[in-house]
Amino acid sequence: MSEVLAHRSRALTPAETEELLRDRLGDGVLRSVVEYGMFTLWIDPSAWVEAATRCRDERLLGYDMFDSLFGVDAREAGFDVVAVLYSTSTGNRIVLRVRCEGGRDAPTLPSLSEVYRGANWMERETFDMFGVDFTGHPGLEPRILTVENFEGFPLRKDFHLAARVAKPWPGVAEPVELDEEGNVIEREVGLGDAPGPYELDKAMAAQAQQVNAPPAPAVQPEAGADDDDADPSAEVTASATATGATAGSDAPAAQAPVDEDRAARAKAKADERRRKQAEARAAKAKARAERAAGGEAPDAAPPSDTAADTTAADEPTTSAPAEAAPGASPDAGPDAGATEEASDDAAGTDASSAATSTPEDDRAARAKAKAEERRRKQAELRAARAKARADREDGEDDA
Amino acid sequence: MDQVELPKPVKYVFNWGRKYSLWCYNFGLACCAIEFIAASASRHDFIRHGVIPFAHGPRQADLLVISGTLTDKMAPAVKRLYEEMPEPKYTISFGSCANCGGPYWDSYSVTKGVDQIIPIDVYIPGCPPRPEALLDGIIALQERIQQESLPDRIAGRRLDPVTLGADTPLRLEAGA
Chain A
545 MSEVLAHRSR
555 ALTPAETEEL
565 LRDRLGDGVL
575 RSVVEYGMFT
585 LWIDPSAWVE
595 AATRCRDERL
605 LGYDMFDSLF
615 GVDAREAGFD
625 VVAVLYSTST
635 GNRIVLRVRC
645 EGGRDAPTLP
655 SLSEVYRGAN
665 WMERETFDMF
675 GVDFTGHPGL
685 EPRILTVENF
695 EGFPLRKDFH
705 LAARVAKPWP
715 GVAEPVELDE
725 EGNVIEREVG
735 LGDAPGPYEL
745 DKAMAAQAQQ
755 VNAPPAPAVQ
765 PEAGADDDDA
775 DPSAEVTASA
785 TATGATAGSD
795 APAAQAPVDE
805 DRAARAKAKA
815 DERRRKQAEA
825 RAAKAKARAE
835 RAAGGEAPDA
845 APPSDTAADT
855 TAADEPTTSA
865 PAEAAPGASP
875 DAGPDAGATE
885 EASDDAAGTD
895 ASSAATSTPE
905 DDRAARAKAK
915 AEERRRKQAE
925 LRAARAKARA
935 DREDGEDDA
Chain B
35 MDQVELPKPV
45 KYVFNWGRKY
55 SLWCYNFGLA
65 CCAIEFIAAS
75 ASRHDFIRHG
85 VIPFAHGPRQ
95 ADLLVISGTL
105 TDKMAPAVKR
115 LYEEMPEPKY
125 TISFGSCANC
135 GGPYWDSYSV
145 TKGVDQIIPI
155 DVYIPGCPPR
165 PEALLDGIIA
175 LQERIQQESL
185 PDRIAGRRLD
195 PVTLGADTPL
205 RLEAGA
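Order-wise, the sequence lines are chains A and B.
Residue 545 is where the first sequence starts when you use our numbering, and the numbers rise one by one after that.
Residue 35 is where the second sequence starts when you use our numbering, and the numbers rise one by one after that.
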């Protein structure tokens with residue numbers, strides 16, 4: 545490169561640059577645009593190498609650095625190649641863009657590798673991805689980005705992705721979707737809209753839709769605000785869905801059935817609890833009887849269900865008082881013995897009375913039920929774990 | 035030696051010694067490699083599990099950790115590297131990309147799973163997995179080594195691969 549007069553203080557404006565290059569190249573410069581803040585010159589393919597050479601050697605331009613080169617799929621029109629040049633002396637950057645000759649079938653373009661050494665590998669990469677044949681290039685093969693025996697040019701729009709053939713794109717839409725008139729469809733992606741082939745996807749979609757569904761009262765008041773006749777229906781739906789969002793003069797009237805409902809539910813819960821206690825007591829008694837009958841001999845191979853039951857009944861005795869709520873603690877250790885049963889019965893009557901009376905009793909009963917449930921779950925888990933361990937040991941013995 | 039099982043105590047000590055001196059070769063291919071480095075650094079420090087990172091080369095390594103996106107272009111190198119390792123050798127597939135291609139499931143250039151070219155002992159899911167997950171994976175691998183029978187290994191009989199997070203208590207209950 546000869547001496548360069550270009551300097552930051554004397555950098556040419558885009559208009560001056562275009563004028564200078566038009567003067568040197570004549571019809572080689574097709575048009576100029578400023579896209580994305582970059583001054584872009586469209587060049588005729590026949591003047592491609594000449595344009596790059598001028599950009600490098602013109603003393604007022606001094607584009608001495610080859611920034612990048614890449615391809616663009618122009619669909620029916622074929623392929624574009626874009627080269628970005630930078631001038632270290634003026635700080636200007638210019639984009640040269642050219643449409644390759646040969647259309648989609650055999651795009652060809654003269655190589656810039658004689659002008660800029662750095663263009664060599666970038667043209668190889670462009671060949672890899674778009675299949676543009678750069679004439680005069682020292683060697684486009686073997687491919688440098690893909691494997692050597694790769695078939696096709698993957699960044700072409702008509703390249704088929706094998707995985708996409710087997711499984712469709714799981715998103716809501718491809719990045720850009722056009723309607724019949726060629727306008728871009730803009731869709732707002734909702735949670736759970738994505739059609740997926742998996743059960744988990746479906747479950748998650750259902751869940752998301754349920755969560756996102758507008759609650760009934762949020763919609764109804766708008767109708768009610770306009771005319772007063774719609775008010776009663778809105779209240780009916782609100783109380784029917786039991787969202788508890790109703791407010792206004794009818795509140796006491798709605799309270800009564802709710803109270804009744806709660807009482808009935810509490811009673812049912814108490815019944816259930818009593819039944820469970822009775823079962824547990826029976827299982828306990830059975831286990832005790834078995835133990836007594838068997839003497840010292842441990843149960844060699846009890847059916848897994850009874851094993852789970854006995855562990856469920858026996859094991860929590862040590863930890864139960866700690867984990868149970870203070871109000872429920874006297875009843876929480878169900879294994880103390882015969883005296884316990886009386887108190888159990890008392891608790892049962894307590895619970896049944898709680899269904900009709902004070903909230904404190906109700907709370908205690910609920911805490912007790914919860915503790916019992918927790919204990920039962922732990923016991924089940926422990927039994928399952930023990931069984932798994934036993935199975936594993938059996939397996940090892942076999943091996 | 036290659037026909038007969040070692041006596042049980044000898045086998046125990048032998049495997050115990052092997053599982054706590056794993057020279058590890060990290061094939062870092064993408065962001066997962068950063069997590070691997072974090073696992074080898076002071077906070078997580080897998081040397082305390084007897085895993086020695088940054089083996090001098092594949093020929094000195096016992097454990098190969100593939101962490102990151104494996105491309106078709108890189109696949110022959112991984113295959114060759116694995117074949118350079120001396121037996122007994124173990125592999126961990128670290129991260130979704132190494133397991134199955136991960137987010138690049140439809141890419142034209144990504145290998146959809148390292149197990150297409152080499153056998154894997156432990157799969158660690160995540161994108162990327164936390165360093166703790168790698169520690170979990172290493173412990174799972176060490177449990178396998180402790181159970182391993184040398185004649186089986188010499189005869190080329192491998193245990194089924196382990197996938198972290200797939201063997202939950204729930205699964206156990208369902209099977210029981």
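For glycine and all other residues, C-beta sits at the position ideal for the given N, C-alpha and C.
Around A/V593, the same chain offers P654, L656, V659 as residues with beta carbons nearer than 7 Å, after the five sequence neighbours per side are excluded. From the listed residues A/I638, A/P686, A/R825, the smallest Cα separation to A/C599 is found for A/I638. Secondary structure of B/R178 (DSSP, three-state): helix.
Here DSSP, grouped into helix, strand and coil, assigns B/I71 to helix. In chain order, T105, D106, K107, A109, P110, S143 make up the part of chain B whose C-beta sits under 9 Å from the C-beta of A/V691. For the pair B/P165 and B/E69, the CB atoms are nearer than the 8 Å cut-off. Runs of the alpha helix (DSSP H) lying entirely within the segment 640-677 of chain A, each at least 4 residues long, are 663-674 in chain order.
Nearest Cα to A/G680 within the set A/V691, A/R668, A/L689: A/R668. Residue burial is scored here from C-beta neighbours: A/N693 has fewer than 16 other C-beta atoms within 10 angstroms and is therefore classed as exposed.
Note on geometry: alpha-carbon atoms of B/E117 and B/P110 lie some 11 Å from one another. Collapsing the DSSP output to three states places A/F694 in coil.
In the DSSP assignment, A/D601 falls within the alpha helix (DSSP H) that extends over 592-601. In the pairwise beta carbon analysis, the segment 170-187 of chain B is classified as not touching the segment 131-149 of chain B: fewer than three pairs are separated by under 8 Å.
Inter-residue distance for B/L193 and B/I173 is about 16 Å (C-alpha atoms, whole angstroms). With a 10 Å radius around the Cβ and a threshold of 16 neighbouring Cβ atoms, A/G581 comes out exposed. In the structure shown, A/S553 adopts helical secondary structure according to DSSP, grouped into three states.
Taken through DSSP and simplified to helix, strand or coil, B/V38 comes out as coil. In the structure shown, A/T561 falls within a helical segment according to DSSP collapsed to helix, strand and coil.
Taking the Cα of A/S553 as reference, the smallest distance to any Cα among A/A812, A/A559, A/S633, A/K921 is reached at A/S633. Judged by DSSP in its simplified three-state form, A/R637 adopts strand. Taken through DSSP and simplified to helix, strand or coil, B/L184 comes out as helix. Under a 10 Å Cβ-count criterion, A/F610 is classified as buried, with 16 or more other Cβ atoms of the shown protein chains found around its own Cβ. Taking 8 Å as the Cβ-Cβ cut-off, the segment 583-601 of chain A has no residue approaching chain B. A distance below 8 Å between beta-carbons, with the five flanking residues on each side excluded, links B/P195 to the following residues of its chain, in chain order: D149, P153, I154, D155, V156, Y157. Interface residue (Cβ-Cβ distance to chain B less than 8 Å): A/P651 is not classified as such. Contact check for A/R641 against A/T584 passes: the beta carbons are separated by less than 8 Å.
Between A/R708 and chain B, the shortest Cβ-Cβ separation is below 8 Å.
Residue burial is scored here from C-beta neighbours: B/R114 has fewer than 16 other C-beta atoms within 10 angstroms and is therefore classed as exposed. Relative to B/D106, the option among A/D567, A/R687, A/N756 whose CA is nearest is A/R687. Note that the C-beta distance between B/S130 and B/G160 is below 8 Å. If you draw a straight line from the Cα of A/V625 to the Cα of A/R575, it comes to about 15 Å. Chain B places a beta carbon closer than 8 Å to that of A/L705, counting this residue as a contact. Under the Cβ criterion of 8 Å, B/D140 is counted among the residues facing chain A.
Looking at the DSSP output, B/T105 shares a beta bridge with B/V144. Distance from the CA atom of B/G147 to the CA atom of B/G135, rounded to whole angstroms, is 5 Å.
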